[in-house]
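Residue numbers (the numbering used here), protein chains in the order written: chain A, 1 to 344; chain B, 345 to 688; chain C, 689 to 1047; chain D, 1048 to 1406. All C-beta atoms, glycine included, are put in the ideal place defined by N, C-alpha and C. See below for the structure under consideration.
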Amino acid sequence: MTAIAEQTGTLSMAAALNRALADELRADQRVVVYGEDVGTLGGVFRVTEGLATEFGDRRVFDSPLAEAGIVGTAIGMAMHGLRPVVEMQFDAFAYPAFEQITSHLAKLHNRSRGMITLPVVIRVPFGGGIGGVEHHCDSSEAYWVHTPGLRVVAPGTASDAYWMLRQAIACDDPVIFLEPKRRYWAKEEISPSSSADFDSALIRRAGTDVTLIGYGAMIGTLLEAAEAAAAEGISAEVIDLRTLSPFDDETVAGSVRRTGRAVVVHEASGFAGFGAEVVARLTEQCFHQLQAPIGRVTGFDIPYPPPMLEAHHLPSVDRILDAIDRLQFDDVVALPAGLSASGS
Amino acid sequence: MTAIAEQTGTLSMAAALNRALADELRADQRVVVYGEDVGTLGGVFRVTEGLATEFGDRRVFDSPLAEAGIVGTAIGMAMHGLRPVVEMQFDAFAYPAFEQITSHLAKLHNRSRGMITLPVVIRVPFGGGIGGVEHHCDSSEAYWVHTPGLRVVAPGTASDAYWMLRQAIACDDPVIFLEPKRRYWAKEEISPSSSADFDSALIRRAGTDVTLIGYGAMIGTLLEAAEAAAAEGISAEVIDLRTLSPFDDETVAGSVRRTGRAVVVHEASGFAGFGAEVVARLTEQCFHQLQAPIGRVTGFDIPYPPPMLEAHHLPSVDRILDAIDRLQFDDVVALPAGLSASGS
Amino acid sequence: MTVINDAALLPSPQPRCLIDAEGQFSGQAETMPSDEVLLELHRRMVLGRRFDSQATALTKQGRLAVYPSSRGQEACQVAAVVAMAERDWLFPTYRDSMAMVSRGINPVEVLTLLRGDWHCGYDPYLHRTATQCTPLATNTLHAVGLAHAARLAGEDTVALVMLGDGATSEGDTHEALNIAAVWQAPVVFLVQNNGYAISVPLAKQTRAARLADKGIGYGMPGVLIDGNDAAIVHASVTEAIDRARSGGGPTLIEALTYRIEAHTNADDASRYRTDAEVAEWLARDPIERLQKYLQTQRFLDEVGLVAVRDEAEAKAERLRSAMNADAVTDPADLFAHVYAEPTRALRRQAAFLADELDA
Amino acid sequence: MTVINDAALLPSPQPRCLIDAEGQFSGQAETMPSDEVLLELHRRMVLGRRFDSQATALTKQGRLAVYPSSRGQEACQVAAVVAMAERDWLFPTYRDSMAMVSRGINPVEVLTLLRGDWHCGYDPYLHRTATQCTPLATNTLHAVGLAHAARLAGEDTVALVMLGDGATSEGDTHEALNIAAVWQAPVVFLVQNNGYAISVPLAKQTRAARLADKGIGYGMPGVLIDGNDAAIVHASVTEAIDRARSGGGPTLIEALTYRIEAHTNADDASRYRTDAEVAEWLARDPIERLQKYLQTQRFLDEVGLVAVRDEAEAKAERLRSAMNADAVTDPADLFAHVYAEPTRALRRQAAFLADELDA
Ligand SMILES: Cc1ncc(C[n+]2csc(CCOP(=O)(O)OP(=O)(O)O)c2C)c(N)n1
Ligand SMILES: Cc1ncc(C[n+]2csc(CCOP(=O)(O)OP(=O)(O)O)c2C)c(N)n1
Ligand SMILES: [Mg+2]
Ligand SMILES: [Mg+2]
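Written out as structure tokens, the structure is:
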């Protein structure tokens, strides 16, 4: 998989995703792209803009308005050798497809003893921070990561968005591809080759005192927090998970063993969120190097707030800094019962 | 809420649930019970046996075969003041209702600023161990506990099944009521009053060296394990969570602070399973009292196995004992990277 | 199960209509609403459209997060509401603001969801109007459940649920139509077929000659009407409500109409439809045609017309000033009604946020 | 979008039939399958029923975890398969064992799912037969997707998906019928309406006079047939497959039949239906009637009949002994094929179990 010349240069994440789709459609005749409004309109976020015109409506097309139908037919198409890339218009609108995803897309390869392979990519614009009304800002990763058979990835940069989407399409496993909505318009340099393989987390900033762990839209926030922490004399290492499932224990645990402290950050509600797994497995793996319990900075355990209140819900640089402060750099004291970074 | 005379005495969990439904139908005219095969047949597990005859087909009835329809109509009925108790025939068959449950049932009370109250109980026979074929043995709790607005409970005994179902029906919040299938036929004493309130975990066996934490069908396994551990000179405390969400931090963290060691057990896959949240929050709350990382004994990260292989998947007394052994009672050594009790 | 006469369940091949695009009467006299009703329909459509254009203007001023205009769909939204009794329940979508205003809900409360200060601005029970539904088709099931519960309670309440042509493709719509028919629930399904689901035209949504053809497959009458004719909308919805109220079960109504504006202010309709097409539909304007009819019939004179327009302006003015005041929000609301009683964890989280805001 | 002649999409009020319960010809000669086909249908139905009774017997001996018998539905399952070309795809449910055996899949492999040694015992590609589907109606969408992909690839493959009357209430069925029609995918939806969904009778499942009435709502032909008449099943499925193959789009076929046994061996049918009802349907036995017809037509004599029965016995005997050998399972299979390449975590977990088993 090689980048074509124009891919280098700066692109918004939406444009990078569009480029990745175009390059895969060009490189592999088996790729089809469909969903609600992805054809003529080019998607409500314009991620599929121009693709129907360039590749024709047999390969890029609008489907009827039915998410279970979109995923269910993608399964059938994949059984026949196609590599469908389908879009769920917003997180919460993937829920009607939940049964098709969990009972079939995730399991059919195993259930058929490997005879059926389902290289389906489900693109899900995820997370909030764009002033969207209810049901448009969910972070649904926890539902997918608990489902064996699915790969769940979330790029945090435009360059990763480009390369990871191409890797997702080339991958023979079904992939839930989480696109951080609020990064869609941020322009960034697209590197001429992938920053890491599809299974790997990445150290975005090296540090020695604490490891900050996140993915998707949180990467920008984590880097800001690391910058601010540096000003306070704390050297924070920032890890971009990139792949939530499977999980890259080596990179992440490696960092935490060095720093002895960690904070996990995501927008989704804290309770039984993906951060819980990160905390649990890192504690299992790094217990004797940990100087303090791993902190979590997450959304509250509430339905996603309306636009005017969402700022209170989303992890902020300040909350991350507070969480770092609670990691007992000065002296060792126990946390009051049940008070984690988000208070969950 | 008081038990009527006949409730005391021994009953199977299925009979206890049946009794609870009958008592609530009798006590509260607003209660309706419906779902697939719950009327004439009395349910595939006979939990609703005889109810249609006793209470009439306006209050206990068969619905068309449509899970989203069952939950969606229950929401509408609850909006009109009824207290629907609906059945999803098996775990995996609740998935078609996922959108109705997460986007509406869980959120509508909040979205309407409390003006709409949805006292809906969704009964879900959950877990495996009964030799059921695919899709009949899932443990779906992780999907529900991450969804704010839902209560998620799982009785481990017939007596709790009786009392907790009555509490669930009386509760104004939507409740996902997880019934451990393989305990349906186990006969147990029904206590004349509830063993604890609806929000509380329960210490099933007192101990001093390690806390074993579980729910549903695992309670029996945990008690066996505690018995076996005692023979090896280890005093294990057994906690029956009963309510997964909300979580009873006080009882559980209180125990772990005393014992300094804990193992969390569930049938569901380990990765991002509910055990992760239990480990994460207990580590946050008890870090400085913990002598070893909290262990997890869970199902593997695979689709639920076929009947002939399920025994390999399910947490066993031996695995729990091994997990206890790994809690470094003798001397302190780090766990090899990424090797938790289930190897996840 | 009573035997069903199939043929009766099929819609008329051509949409039923009482007042055509030229404002001429065309149909059966007996179903024509009274003059008073027609005047009221006209008045409310004028008010509705002015509300709608005001909301669009507020969006341009950044006062609304998003606004899905229903300009062009006045006849469906207003006439359906006028046909309902107070005790009936309305289940609207994000598209149905005019219907809700017509239902008597304070326009500011109607716009709360779209302004973004909360998910729902009004008391659903006060107006017997469910929260505006965004997950498509999901409200059809809520309507069936509520209607069935009302019937079980011996009430003669009817639920009317609005959905779009696109929403008919969702599984929930199917389950709702089927369950409503099996239970003979008193529900009216009003499909506002405005030809598009965002950018997707009806031809990519269904192969059926008409969406109302789905009725027979559920054993329920399917009715096809001109959705820009307030008179036939009122007449057919009244007929369907009466049938439902008297135990005759649910009805599926397909109203042919058109969304004049883009899907929302965020949408660019020029990407998927032509101005010519829009012009065609502007020529079938629901207000114009009823106005013509009322004027030729001498039910409405210049004075009356001016009165209605003045009322509309006054209301729009009130809405404008009300919306120009900043919305009052309280972060504590975030935790207040997640559960009937806040959990310990939520109390801790509320306290955490309060401290943060005090700091 | 080509204009559709609605009327043509509605099913006949009475089920189409070629050979009635008395074994008499009743219908239009031109649609009658050839004598060879009829003989083959008879032979395969006899084999199918014998297989089914053998499976039921094996269940009693604890050799199967569960078995959903399809005794009584032989005509639907066998005739549909006979009407399919090898290159076509079959999408069966848990109920369709006879269809799969008739499709040429090794009976032991058909029973793997129900014996419980694995979720699927055969190679779906070898037999162009999808895995047996348990989550109701979900396979209808897989069939549509596969059929559409085949068409995009320029193949003339048709997908035939089987579902029950109960499954028609699920949203997935609606989405599949709708998408198939919009895409004009080469799919045949064969609803085996056996009157019950476990204990729930059709009257509680739909209010429609016939399930085939749903076709028109999708712009697809709905066909109602006597599901115990192998001749009409073969004729109608052939017709639908030919239409699909030639680009005519999908068809919805409702075949009226009956499940003679309980839902599965775990079910007690006496709780929800009468012996009298069962007796009525036994009198419409699909094998008896075709046999009568073939005998009166002198296509089938005693010798031929004995030959078929002997073949059935021999096959049942082979199945019995094959199933009496214990199934070979390998715990390592649990971790293989969760992903195309086992993840590190799964390799650790596989090693963990292997150690445990060695210990
Ligand atoms: C389940 C679901 N899927 C997708 C969406 C995103 N979406 C919002 S409106 C819309 C189009 C709806 O079209 P239609 O039903 O015709 O109603 P209209 O907007 O035309 O009034 C879509 C796809 C949604 N809100 N819910
Ligand atoms: C989504 C889903 N819900 C519920 C079930 C449980 N279940 C298995 S078979 C069955 C009845 C199916 O009836 P029908 O579709 O008529 O097929 P039949 O068994 O009569 O062949 C039910 C409710 C299921 N398998 N899948
Ligand atoms: Mg529309
Ligand atoms: Mg059936």
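What ranges does the alpha helix (DSSP H) occupy inside the stretch 909-934 of chain C, keeping only unbroken runs of at least 4 residues that lie completely in it? 918-933
Please list the partners that residue 634/B has in chain C, where partner means a Cβ-to-Cβ separation under 7 Å. None at all; the shortest Cβ gap to chain C is about 21 Å.
Helix, strand or coil: how does DSSP classify residue 777/C here? Residue 777/C falls in the strand class under three-state DSSP.
Restricting to Cα atoms, I'd like to know which of 301/A, 144/A, 262/A and 167/A is closest to residue 99/A. 144/A
Can a CB atom of chain B be found closer than 8 Å to the CB of residue 3/A? Because residue 3/A carries a pLDDT of 48, less than 50, the predicted location of this residue cannot be relied on, and no value is offered for it.
Which chain C residues sit within Cβ distance under 7 Å of residue 517/B? Using a Cβ-Cβ cut-off of 7 Å, residue 517/B is close to 1027 and 1028 of chain C, given in chain order.
Any heavy atom of ligand 4 closer than 7 Å to the Cβ of residue 1319/D? Taking 7 Å as the cut-off, the C-beta of residue 1319/D does not count as close to any heavy atom of ligand 4.
What three-state label does DSSP hand residue 244/A in the structure shown? strand
CB contact check: residue 886/C to chain A, cutoff 8 Å: yes
Just mark residue 1333/D as buried or exposed, buried being the case when its beta carbon has 16 or more other beta carbons within 10 Å. buried
Say whether the stretch 667-675 of chain B touches the stretch 634-651 of chain B, bearing in mind that this needs 3 or more beta-carbon pairs closer than 8 Å, one atom from each stretch. yes
Any heavy atom of ligand 4 inside 7 Å of the beta-carbon of residue 1038/C? no
Neighbour flag for residue 878/C against chain B, beta carbons, 8 Å: Output row for residue 878/C: interface = no.
In the DSSP output, what is residue 262/A paired with across the bridge? 211/A
Is the Cβ-Cβ distance between residue 1112/D and residue 1162/D less than 8 Å? Contact flag set, yes.
Listing by chain order, which chain B residues have their CB less than 7 Å from the CB of residue 1113/D? 477
Residue 394/B beta carbon less than 8 Å from that of residue 454/B: no
Which runs of the alpha helix (DSSP H) spanning at least 4 residues fall entirely within the stretch 1335-1382 of chain D, listed in chain order? 1349-1371
Check whether the stretch 1188-1203 of chain D touches the stretch 1222-1240 of chain D, counting contact only when three or more Cβ pairs, one atom from each stretch, lie closer than 8 Å. yes
Taking 7 Å as the limit, name every residue whose beta carbon sits nearer than that to some heavy atom of ligand 5, in sequence order. Absence of ligand 5 from the depicted structure is noted, with ligand 1, ligand 2, ligand 3 and ligand 4 being the only ligands included.
Would you tell me roughly how many angstroms separate the C-alpha atoms of residue 766/C and residue 593/B, rounded to the nearest one? 53 Å
Out of curiosity, what's the CA-to-CA distance linking residue 960/C and residue 949/C? 13 Å
Is any non-hydrogen atom of ligand 1 found closer than 7 Å to the C-beta of residue 96/A, if you look at the structure I gave you? yes
For residue 348/B, which residues in the same chain have their Cβ closer than 8 Å to its Cβ, ignoring the five residues on either side in sequence? Here residue 348/B scores only 48 on pLDDT, less than 50, and its place in the model should not be relied on; the value that follows carries that caveat. The answer, listed in chain order, is 367.
Do residue 1068/D and residue 1331/D have their C-beta atoms closer together than 8 Å? yes
If you follow the beta strand (DSSP E) that residue 378/B is in, where does it begin and where does it stop? 375-379
Can you list, in chain order, the residues of its chain whose CB lies under 6 Å from that of residue 796/C, leaving out five sequence neighbours each side? Excluding positions up to five away in sequence, the list reads 1010.
Between the CA atoms of residue 1044/C and residue 659/B - distance to the nearest angstrom: 43 Å
Of the choices 1267/D, 1277/D and 1389/D, whose alpha-carbon is the least far from that of residue 1066/D? 1277/D
Classify residue 990/C: buried if its beta carbon has 16 or more other beta carbons within 10 angstroms, exposed otherwise. Counting Cβ neighbours within 10 Å, residue 990/C comes out exposed, since fewer than 16 surround it.
For residue 454/B, name the three-state secondary structure that DSSP assigns. helix
Any heavy atom of ligand 1 closer than 7 Å to the CB of residue 360/A? Because chain A is modelled from 1 through 344, residue 360/A falls outside the range shown and cannot be assessed.
Could you have a look at residue 84/A and say whether DSSP puts it in helix, strand or coil? strand
Determine, using beta carbons only, whether residue 320/A comes closer than 8 Å to chain C. no
If you reduce the DSSP assignment to three classes, tell me which class residue 638/B lands in. Of the three classes helix, strand and coil, the one that applies to residue 638/B here is coil, per DSSP.
Answer yes or no: do residue 301/A and residue 270/A have a C-beta to C-beta separation smaller than 8 Å? yes
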